[in-house]
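One structure is given here, and the rest of the page talks about it.
2 protein chains.
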Amino acid sequence: MDKLPTIKEIAVRLNVSVSTVSRALSNHPRIGLGTKQRVQQLAKELGYEPNTQAIFFKQKKTHVIGVIIPYIREDFFSQAISGIESAAIEHEYTILFGQSYDELEREIKAVSAMKKQRVDGLIISLSKETNKYNHLEALKKYDIPVVYFDRVPTMTDSHKVFCNLYKGTIELVGWLFNNGYRNIAFINGPDKLRASKERLKGYIDGVSKHQLKVDMQLVETTDLSKEGTEMAMKKLLGLKKLPQAIITFNDYVHMDATQYAARNNIAVNKHIIFVSFANLPITSYTAFPPLASIEQHPYRQGEKAMDILMTILKNKETQEVLPNTYYTEELAPSLVAYKQL
Amino acid sequence: MDKLPTIKEIAVRLNVSVSTVSRALSNHPRIGLGTKQRVQQLAKELGYEPNTQAIFFKQKKTHVIGVIIPYIREDFFSQAISGIESAAIEHEYTILFGQSYDELEREIKAVSAMKKQRVDGLIISLSKETNKYNHLEALKKYDIPVVYFDRVPTMTDSHKVFCNLYKGTIELVGWLFNNGYRNIAFINGPDKLRASKERLKGYIDGVSKHQLKVDMQLVETTDLSKEGTEMAMKKLLGLKKLPQAIITFNDYVHMDATQYAARNNIAVNKHIIFVSFANLPITSYTAFPPLASIEQHPYRQGEKAMDILMTILKNKETQEVLPNTYYTEELAPSLVAYKQL
DNA sequence: TTGTAGGCGTTATCAT
DNA sequence: ATGATAACGCCTACAA
């Protein structure tokens, strides 16, 4: 296993200086045609390839960006990372991968690892536990820009991409109303989640638009566990006036909810119809697919986040003093109706 | 944005040499207690952190390993990468991520990117198209070891981890026989796939064990598309003697097959029972879950692959001449029965 | 057109 | 106990 050829090696063999070799290889203008050819010739023979690590080290760049997400097993995030990857490849960037498993501690460790590796930038979707941002602020010292997506922080001085679920929920409610449904129930996620707050606000405003007052008896929450969802369903099914439609927090909740309903002799999607927020690719194969979904465009969120990051990095290169600009990209969610009602 | 403190900076401030600082920081034995403390004190004050990039560059190491998989959206692979990650973290390694999307060309590009980044090692599950290995052989020149998992190459001179589906299929067939099923059909994947060959051999040997001859009319293949699977099902359902059980290549095929069966008025899992090879996490939510599955342990495959890679890297460090050893880890698949029959 | 030298941040090998 | 220096691979002013 002999070591890899370096410009130095080539220089020695050709009795020229390393700088000559360097220049010949990079097609520097002022270089003798003869030497240039001899150098390039030998380089090819030896199978020379520049040591990018050395170059990056010198340039203080790595051409690597870090990506930290809660769970890669969630289809939403695997799509997002694919979007990031596709944009990254275009810019000749590679992705350093890390999961937080929705734990702050793991997130901190992942961020630290990225820092150690001196990534040129970081794209992250925050863990559910993340309530402070020291670990991310620390990156500023290293001049590592951070772009958040989907699970974005509350701070305004940050770059972010997300899907506005407030609007999405309003749209979903509107769609139900337009199709004649009135008594619309809602199983929301945990109160403290930003995603829950957005949806709730959307639900309330959406319903308010169409009827005088919102009946909060129709709003339940689940901790996202099967049991939590079943408890919510139990309450809803116990109401004097059964809901005509149920909006669930996401597809997982949807599945537990419909399963429970079916067990309790509800004709799912006939007696009560179910709609959801899309995060599962294969709902069409499930026993009770939702009749409509709000698509949150994870792939595009990923792409967009990477694009923003690249813009930031480009700005840095060109020394353009960034005037404390913070990029925010708000993607419009889109309603997908699986069936005409 | 002032630049980060370096040992040089500390040296200047303290009027000592860089080597002294370096030693003080690394707790070198022969160093004055006073200076050591002063150095460490100032380092803390300045928030000094060693530049790992510089260290890695010098050591010709990156503490990064590359991982290339076909599709992260497939649950199998997202589990595998999680296994790899967990083992990697223990060894203070980070993961450079890439997908091949089952295309050779993309795989080549991904490998090239990993090479450029000088990963310390590579873990890869091959694309379906991969029939030559130049791009991977090329890594030898860079002394980058490769460990394959799940989709492993035919060459014997390679490190690999996989699940022996030959045995798994035999087990599955045996389980069906033990439960009284005789007429067992099989919808296999594309012939050229190693995974298909293994399963087929297992099917044949499994059936042979229990009855005199194998009826090849019961064996169909699908290109894994919905249409392909439906064509296979059509043939099986058209047989004079309907099969009592159908083994499908994987959960996706299973879903298409059962959906088709249901549409054609077959009482799924009663009239004909269906079993499969597990690669979907949520089959329990599907309309027609398989009654049994062969679990292929993606997480453990990932962990194991990383373990092997670490062993190789450790060996390299200790200069132990590796005696052309190739690590092979064959995990036993396990049968999971979802229902007592 | 080409060579020399310095530097990126760190460690290791000599000296002192 | 500490300092000077070289080296990792490459690039780039500056010099010739």
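Sequence lines, in order, name chains W and C. Sequential numbering of the first sequence, starting at 2, is according to my numbering. Sequential numbering of the second sequence, starting at 2, is according to my numbering. Note that beta-carbon positions come from the ideal geometry of N, C-alpha and C, so glycine has one too.
Asked: Spatial distance of Ile-205 of chain C from Thr-312 of chain C (CA atoms); Found: 37 angstroms
Asked: First and last residue of the uninterrupted alpha helix (DSSP H) at Ile-313 of chain W; Found: 299 to 318
Asked: Closest residue to Glu-231 of chain W among W:Lys-141, W:Thr-259, W:His-211 and W:Gln-302 (Cα-Cα distance); Found: W:Thr-259
Asked: Within-8 angstroms CB hit, Met-232 of chain C to chain W; Found: no
Asked: 8 angstroms Cβ cutoff, Tyr-143 of chain W in contact with chain C; Found: yes
Asked: Residue interval of the alpha helix (DSSP H) (run including Gly-190 of chain W); Found: Neither: Gly-190 of chain W is in no alpha helix (DSSP H) and is coded neither H nor E.
Asked: Interface partners of Asp-76 of chain W on chain C, CB under 8 angstroms; Found: Arg-74
Asked: Beta-carbon separation (whole angstroms), Ala-279 of chain W vs Val-269 of chain W, contact threshold 8 angstroms; Found: Contact doesn't hold; Cβ gap of about 18 angstroms is too wide.
Asked: Presumed contact (8 angstroms Cβ cut-off) between Ile-73 of chain C and Glu-108 of chain C, rounded CB distance; Found: Going by Cβ atoms, the distance from Ile-73 of chain C to Glu-108 of chain C rounds to 14 angstroms, so no, they are not a contact pair.
Asked: Chain W contact residues for Thr-287 of chain C, given Cβ-Cβ distances below 7 angstroms; Found: Tyr-286, Thr-287 and Ala-288
Asked: Through-space distance from Val-162 of chain W to Glu-304 of chain W, alpha-carbon basis; Found: 10 angstroms
Asked: Beta-bridge partners of Gly-67 of chain C, as assigned by DSSP; Found: C:Leu-97 and C:Leu-123
Asked: Beta-carbon spacing of Leu-166 of chain W, Tyr-149 of chain W below 8 angstroms; Found: no
Asked: Inter-residue spacing [alpha-carbon to alpha-carbon] between Asn-132 of chain W and Lys-193 of chain W; Found: 11 angstroms
Asked: For His-29 of chain C, the three-state DSSP class (helix, strand or coil); Found: coil
Asked: Residue interval of the alpha helix (DSSP H) (run including Ile-11 of chain W); Found: 8 to 15
Asked: CB contact check: Met-217 of chain C to chain W, cutoff 8 angstroms; Found: no
Asked: Member of C:Glu-10, C:Pro-71, C:Tyr-253 and C:Asn-325 whose CA lies at the smallest distance from the CA of Ser-159 of chain C; Found: C:Asn-325
Asked: Neighbour flag for Glu-96 of chain C against chain W, beta carbons, 8 angstroms; Found: Here the sequence assigns Ile to residue 96 of chain C, which means Glu is not the residue at that position. Judged by the 8 angstroms Cβ criterion, Ile-96 of chain C is in contact with chain W.
Asked: Cβ neighbour criterion (16 or more within 10 Å) applied to Arg-264 of chain C; Found: exposed
Asked: Contact set between Leu-5 of chain W and chain C, taken where Cβ atoms lie within less than 9 angstroms; Found: Lys-142, Tyr-143 and Asp-144
Asked: Supposed close pair Gly-190 of chain C, Phe-250 of chain C - CB separation, criterion 8 angstroms; Found: 4 angstroms
Asked: Straight-line gap, Ile-11 of chain W to Gln-38 of chain W (C-alpha atoms, nearest Å); Found: 13 angstroms
Asked: Span of the beta strand (DSSP E), counted from its first residue to its last, around Val-148 of chain W; Found: 147 to 150
Asked: Cβ pair Gln-100 of chain C, Ile-185 of chain C closer than 8 angstroms; Found: no
Asked: is_contact[Lys-1 of chain C, chain W] using C-beta, thresh 8 angstroms; Found: The requested residue 1 of chain C does not occur in the structure, where chain C is confined to residues 2 to 342.
Asked: Glu-231 of chain W, enclosing alpha helix (DSSP H) - first and last residue; Found: 227 to 238
Asked: Beta-carbon contacts of Phe-178 of chain W that lie in its chain and below 6 angstroms, excluding the five residues immediately before and after; Found: His-211
Asked: Neighbour flag for Val-65 of chain W against chain C, beta carbons, 8 angstroms; Found: yes
Asked: CB contact check: Phe-278 of chain C to chain W, cutoff 8 angstroms; Found: no
Asked: Among C:Pro-71, C:Ile-66 and C:Glu-104, the one whose alpha carbon lies nearest that of Ile-90 of chain C; Found: C:Ile-66
Asked: Through-space distance from His-272 of chain C to Leu-137 of chain C, alpha-carbon basis; Found: 48 angstroms
Asked: Secondary structure of Leu-332 of chain C, DSSP reduced to three states; Found: strand
Asked: N-terminal and C-terminal residue of the beta strand (DSSP E) that Thr-287 of chain C is part of; Found: Counting along the chain, Thr-287 of chain C falls outside any beta strand (DSSP E), and DSSP gives it neither H nor E.
Asked: Pairwise C-alpha distance: Arg-119 of chain C and Val-40 of chain W; Found: 24 angstroms
Asked: Classification of Val-208 of chain W by the beta-carbon crowding that lies within 10 angstroms, buried from 16 upward; Found: buried
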